[in-house]
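**Student:**
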Amino acid sequence: MDTQYFSVESRGYVRAISMTNSRKHNSFNAAMSADLVRLLEVARHDGTRVVLLRAEPGVKVWSAGHDISDLPTGDEDPLNWTNTLAEMADAVAGFPLPLIAVVEGGVWGGACELVMSADLVVAHIDSTFAITPAKLGVAYSSGGVSRFMAALPSHIVKEMFFTAEPISANRAHELGVVNRLAADEPELSTQAWELAERIAQRAPLTLRSIKAEARAVSEPTYAAGTAEELKSLRDAAWTSEDYQEGVQAFRQRRPPEFRGR
Ligand code: YXS
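If you're matching positions, the sequence shown starts at 1323 in my numbering and goes up one per residue.
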């Protein structure tokens, strides 16, 4: 199931999707963005419960953001330009399963939005994060800005947008963007897989509902018109076999076996 830009590995319910275009610092062109959207679509329907999004171990740059040669040239109508990286970040933000960004190296521009759109972040201690549109002179969507605002205090978001300077993994950890810090690569992978495997044991319908609720309260552009969708996700959890199983397993003092239905 590997693609031109990604390799895919599954262990049990966990799917790792790794960017493999390190020669171009994993800068996202339209084809790479579309590949990721497709791979997420597959994971959403094939019984996967948690996704790890990562780069190949040892990279100096996790992703250089949007492929700059794919940006509009400035002499065309910007309304006719499709921002494929923004569409991909929307797909990540709207992905219904828990998604963990596993970060090693520099995270630049649109890739930083991608990391903010993830649910959790496990990062190598040498990673850095930079928001760069003010270096290039481009505008940014309100959906994108709201993802940064949901993950970080507003003064930090503005500092990052205004200066376009990277912040360190330590700072990102202090600010709560990074959940876990790892001192080296084996530890990064170990922490990421352990975290994913732990989450994969929990009730999938509950996680799906919580993720949608969290998005509705933190992303104004998504919140409008989602009440019914959120109710049906909550109903799915309350009326599920998994709920019965969870309570029964608790009474019988055994781990639950959740099936996602
Ligand atoms: O010369 P070759 O063919 O080997 O290619 C070089 C670079 O041109 C290419 N490359 C990129 N190509 C397209 N788009 C990119 N964003 C991009 N970044 C890199 O990869 C090859 C190796 O790069 P090189 O020689 O510069 O490597 P380095 O190790 O000296 O420096 C690594 C970086 C990441 C510090 C440096 O490549 C860099 O500053 N890249 C641009 C980072 C950046 O500003 N990204 C934002 C992209 S724009 C975006 O995401 C949104 C539109 S926004 O800014 O609004 O959020």
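C-beta atoms are modelled at their ideal positions from N, C-alpha and C, and glycine is treated no differently. Treat the numbers as computed from the prediction; the structure is a model and nothing was measured.
Identify the continuous beta strand (DSSP E) that holds L1375 and give its terminal residues.
**Tutor:** 1372-1377
**Student:** Quick one, are the C-beta atoms of G1406 and A1352 less than 9 Å apart?
**Tutor:** It is Thr, not Gly, that sits at residue 1406 in the sequence shown. Cβ distance < 9 Å, so T1406 and A1352 count as in contact.
**Student:** Since F1272 is in the beta strand (DSSP E), which residue starts that stretch and which ends it?
**Tutor:** An answer regarding residue 1272 cannot be provided, because it is not within the stretch 1323 to 1583 covered by the chain.
**Student:** Spell out a yes or no on whether the region 1386-1400 and the region 1363-1378 are touching, meaning 3 or more CB-CB pairs, one atom from each, closer than 8 Å.
**Tutor:** no
**Student:** Please list, following the chain, all residues that have a C-beta closer than 5 Å to any non-hydrogen atom of the ligand YXS.
**Tutor:** K1346, H1347, S1349, V1383, A1386, G1387, H1388, D1389, I1390, W1430, G1431, G1432, T1454, P1455, V1460
**Student:** Does the count of Cβ pairs from the region 1522-1530 and the region 1560-1569 closer than 8 Å reach three?
**Tutor:** yes
**Student:** With C-beta atoms as the reference, is V1383 less than 9 Å away from G1428?
**Tutor:** yes
**Student:** Using CA atoms only, rank isn't needed, just tell me which of L1362, K1346, R1345 is closest to D1324.
**Tutor:** L1362
**Student:** Measure the C-alpha to C-alpha separation of T1512 and L1474 and round it to an integer number of angstroms.
**Tutor:** 26 Å
**Student:** For R1502, name the three-state secondary structure that DSSP assigns.
**Tutor:** In the structure shown, R1502 sits in a strand (DSSP, three-state: E or B).
**Student:** What is the rounded straight-line gap between the Cα of E1435 and the Cα of A1386?
**Tutor:** 12 Å
**Student:** V1437 and V1425 - do their beta-carbons sit closer together than 9 Å?
**Tutor:** Cβ distance < 9 Å, so V1425 and V1437 count as in contact.
**Student:** May I ask you to report which of helix, strand or coil DSSP gives S1439?
**Tutor:** helix
**Student:** Could you check what DSSP says for T1548 in three-state terms: helix, strand or coil?
**Tutor:** coil
**Student:** Based on Cα-Cα distance, which residue from S1531, G1380, A1522 lies nearest to R1584?
**Tutor:** Outside the displayed span of the chain (1323 to 1583) sits residue 1584, for which this structure offers no information.
**Student:** Helix, strand or coil for V1429, going by three-state DSSP, please let me know.
**Tutor:** strand
**Student:** Can you tell me whether I1453 is helix, strand or coil according to DSSP?
**Tutor:** coil
**Student:** Taking contact to mean 3 or more Cβ pairs, one atom from each stretch, closer than 8 Å, check whether the region 1479-1496 and the region 1437-1454 are in contact.
**Tutor:** yes
**Student:** If we call anything under 9 Å between Cβ atoms a contact, is A1445 one with L1510?
**Tutor:** yes
**Student:** If you count every other CB in all the chains shown that lies within 10 Å of the CB of K1533, and 16 or more means buried, which is it?
**Tutor:** It is buried - the Cβ of K1533 has at least 16 other Cβ atoms within 10 Å.
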